[in-house]
Ligand SMILES: Nc1nc2c(c(=O)[nH]1)N[C@H]1C(S)=C(S)[C@@H](COP(=O)(O)OP(=O)(O)OC[C@H]3O[C@@H](n4cnc5c(=O)[nH]c(N)nc54)[C@H](O)[C@@H]3O)O[C@H]1N2
Ligand SMILES: Nc1nc2c(c(=O)[nH]1)N[C@H]1C(S)=C(S)[C@@H](COP(=O)(O)OP(=O)(O)OC[C@H]3O[C@@H](n4cnc5c(=O)[nH]c(N)nc54)[C@H](O)[C@@H]3O)O[C@H]1N2
Ligand SMILES: [Mo]
């Protein structure tokens, strides 16, 4: 199968590749249509203060405006008055350059990225249990061999179509697929067993599953004794989660809990995977931890063909979280508050370690502080559209409007770019080289197929240009205590520090990551080509890479995995008489993320033209709503208007909407901005609403 997008000059053809076996989803093969889309940005835009409108401008004008704006707020309010917001779709090279630019170009502590809305709960749970965060600690192909595969809050049939081949293979091999989702999704329809809990009750379900495994004697005592610590507290905690109690809370029948526990506890090769349905909660870290506890008690992690993993979402969801876009992080998955990490990275960057700022704050907290007293007054956005994708989006939209300076680098005029003072047109996937790291921790090449359109620069070139201009205008009165001549950086030095060539950036990333958890030191572009991808950690060029983690030890100081006792707690917002229904959100096959790109592709627009509100026919009847009727979903924060879509596949106490749309159909007008205390993950997957015919 080879598909060619009209006039794009680029042909996207699936090739035989071990990860997806040549599979490519509809979004993949229509992506070429965007390359020469009429709405593609090909010139910078600058807002005219008199008219308030965006006008085309030269790169010089646009970049001068950015630099003047940054200088103004930093001179007035200090370096942290400028913030950077990145994205998990950026290549490793860009994510790395952006983190470095924030820390030593802008010298601000404020950088975070949309992965906080995506991967952060599973990442934090993985770190605390295993001492490392790699989505899958084993190759994807293991899924096809699993006797039992449990998917918790994941709908790969719509969100990761290439992965479905492994599910099919698993079934063909006689394996059992169990899906936990409040909706009968395309994935749940393929399952042998579908558990349909109330949103936000996955933790209780996991504790009950472990309770049953303990009662039935399915816990792997030898593994627990040899390879883990902390089981006793977990055992005591789950003692209170007898199955009938979990049924009462979640609505999952005891018989289904027992059947699931049996399949996991007696299944041979067993894999447990979580995705956003379980993770995007104010208790996301604890919920993932409950499934990790279950996996550890059954002796799965590190056992051949078994384990726990998280289905990483964005194009570079894994690599994007390793090289310094996170508020608390330096390249190689190092911590910015670790003195040894600071020394190492500052050495690679050629600055004194004490010049590196400290940790910033997680994404939602950052966005919510913009333009407020003491908060950042300028924001640079690369690869995200928070006006659509942030929780409680109307409030965040207001924060963005309060900024002195909003700069957005994008290929299209996203809803966030439309609010910007300066919009910088950037290259996209087919127009630049780089690397991405997939959910298996496998570093892959992304190749330029053609140059960017005239007038468009790559993100790396934009960062390089900005660094040079900032150095040129560096004022010594930013911080008089720092007026040290050794720190003055002329433009040429700054530009050399921020090379625009991705190959040069990758070479530096390798050195910066050396010795870190996500060690890329031994990964060269040539080796990636030769081996069809290289799994980190890979510390030396002539040494092996690491397709499988945990076979002998975990990445903790004592080599043992750590149990953590976790208990169910209610959602941050519970239903009440005024807001009696549960609202949850997610994705549809034909739209991607905030929709900037996919809402502009005709075939995808036809397939999924507008937002909808999915509700059960019994609920609809009670509310006097027919299929297709316009409905209003209201929460304490705002409302969403979209046509009703009746489905017996959803619980009658829960309504669902996709989050891909802007305007009246924006699901995030309704969502709750409560966040997980450990990961900073917002509670996208549950809040309380009222539904009416509009
Ligand atoms: N088509 C398409 N594919 C995508 C994307 C896209 O936007 N569109 N985005 C990519 C990205 S960045 C990501 S992160 C992944 C996300 O991939 P998934 O995690 O598979 O996607 P979601 O639809 O957000 O959530 C999965 C399921 O969680 C269920 N759910 C809701 N609340 C709960 C709950 O409380 N408990 C449980 N157990 N389930 C619940 C929803 O009904 C939904 O079916 O997809 C990636 N792939
Ligand atoms: N209610 C609700 N909200 C959610 C979720 C949910 O399940 N429910 N899921 C959350 C999740 S998991 C995620 S990942 C976020 C995603 O939401 P966002 O962070 O908004 O991510 P995208 O929509 O992918 O935005 C990417 C933007 O960057 C642009 N872009 C693409 N490639 C590049 C590039 O290389 N460089 C630059 N400079 N720009 C580029 C695109 O055109 C687009 O405008 O949404 C979160 N929001
Ligand atoms: Mo995501």
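Numbering (my numbering), first residue to last: 1 to 694.
For every residue, glycine included, the Cβ atom is placed at its ideal position computed from N, Cα and C.
Treat the numbers as computed from the prediction; the structure is a model and nothing was measured.
Span of the alpha helix (DSSP H) around residue i
i	result
residue 94	92-100
residue 692	No alpha helix (DSSP H) holds residue 692; the beta strand (DSSP E) holding it covers 687-693.
residue 231	231-238
residue 61	59-77
residue 398	393-401
residue 468	459-472
residue 409	Where residue 409 is concerned, there is no enclosing alpha helix (DSSP H), although the beta strand (DSSP E) it sits in stretches over 405-410.
Span separating the alpha-carbon of residue i from that of residue j
i	j	result
residue 238	residue 113	35 Å
residue 312	residue 51	43 Å
residue 502	residue 362	27 Å
residue 554	residue 678	21 Å
residue 47	residue 38	21 Å
residue 437	residue 520	11 Å
residue 587	residue 280	13 Å
residue 546	residue 146	20 Å
residue 99	residue 90	12 Å
residue 606	residue 627	19 Å
residue 614	residue 256	25 Å
residue 642	residue 651	19 Å
residue 397	residue 387	6 Å
residue 104	residue 207	45 Å
residue 571	residue 200	6 Å
residue 217	residue 226	18 Å
residue 575	residue 159	29 Å
residue 414	residue 242	49 Å
residue 267	residue 148	6 Å
residue 284	residue 119	10 Å
residue 108	residue 262	52 Å
residue 87	residue 188	30 Å
residue 298	residue 278	20 Å
residue 92	residue 623	49 Å
Burial state of residue i, where buried means 16 or more other Cβ atoms lie within 10 Å
i	result
residue 591	buried
residue 454	exposed
residue 417	buried
residue 540	exposed
residue 518	buried
residue 485	Interpretation of residue 485 is limited by its pLDDT of 46, a score under 50 that renders its predicted location unreliable; the figure taken from the coordinates is listed afterwards. Classification of residue 485: exposed, given that the 10 Å Cβ count is below 16.
residue 490	exposed
residue 598	buried
residue 476	Low confidence applies to residue 476: its pLDDT is 46, below 50, so where it sits in the model is not reliable, and the reading given next is rough at best. Per the 10 Å Cβ criterion, exposed.
residue 633	buried
residue 182	buried
residue 58	exposed
residue 289	buried
residue 451	exposed
residue 493	exposed
residue 682	buried
C-beta neighbour in chain B for residue i, strict 8 Å
i	result
residue 661	Although the question refers to chain B, the structure presented lacks it and comprises just one protein chain.
Start-to-end residues for the beta strand (DSSP E) that takes in residue i
i	result
residue 592	Here residue 592 belongs to no beta strand (DSSP E), and DSSP marks it neither H nor E.
residue 270	270-274
residue 715	Only positions 1 to 694 of the chain appear in this structure, which leaves residue 715 out of reach.
residue 586	581-586
residue 47	45-47
residue 194	193-195
residue 700	As shown, the chain starts at 1 and ends at 694. That puts residue 700 outside it, with no answer to give.
residue 212	No beta strand (DSSP E) holds residue 212; the alpha helix (DSSP H) holding it covers 202-216.
Go through the region 611-644 residue by residue and report every complete run of the alpha helix (DSSP H) that reaches 4 residues or more, in order.
-> 617-623
Is the region 165-182 close to the region 221-234, with three or more CB pairs under 8 Å?
-> no
So does the region 171-190 actually touch the region 294-306, counting three or more Cβ pairs closer than 8 Å?
-> no
Stretch pair the region 119-139 + the region 373-380: three plus CB contacts closer than 8 Å = no
Counting pairs of beta carbons, one from the region 496-513 and one from the region 429-436, are three or more of them closer than 8 Å?
-> yes
Go through the region 308-357 residue by residue and report every complete run of the alpha helix (DSSP H) that reaches 4 residues or more, in order.
-> 339-349
Counting pairs of Cβ atoms below 8 Å between the region 643-663 and the region 369-376, do you hit three or more?
-> no
Considering only residues of the region 420-453, which uninterrupted beta strand (DSSP E) runs meet the minimum length of 3 residues and lie entirely inside it, listed in chain order?
-> 422-425, 434-437 and 442-446
Could I get the ranges of all uninterrupted alpha helix (DSSP H) runs contained in the region 505-554, with 4 residues as the minimum, in chain order?
-> 525-531
Quick one: which unbroken alpha helix (DSSP H) runs of 4-plus residues sit fully inside the region 641-671? Chain order, please.
-> none
Examine the Cβ distances between the region 529-539 and the region 438-448 and report whether three or more of them are shorter than 8 Å.
-> yes
Is the region 68-79 in contact with the region 399-415, if contact means three or more CB pairs nearer than 8 Å?
-> yes
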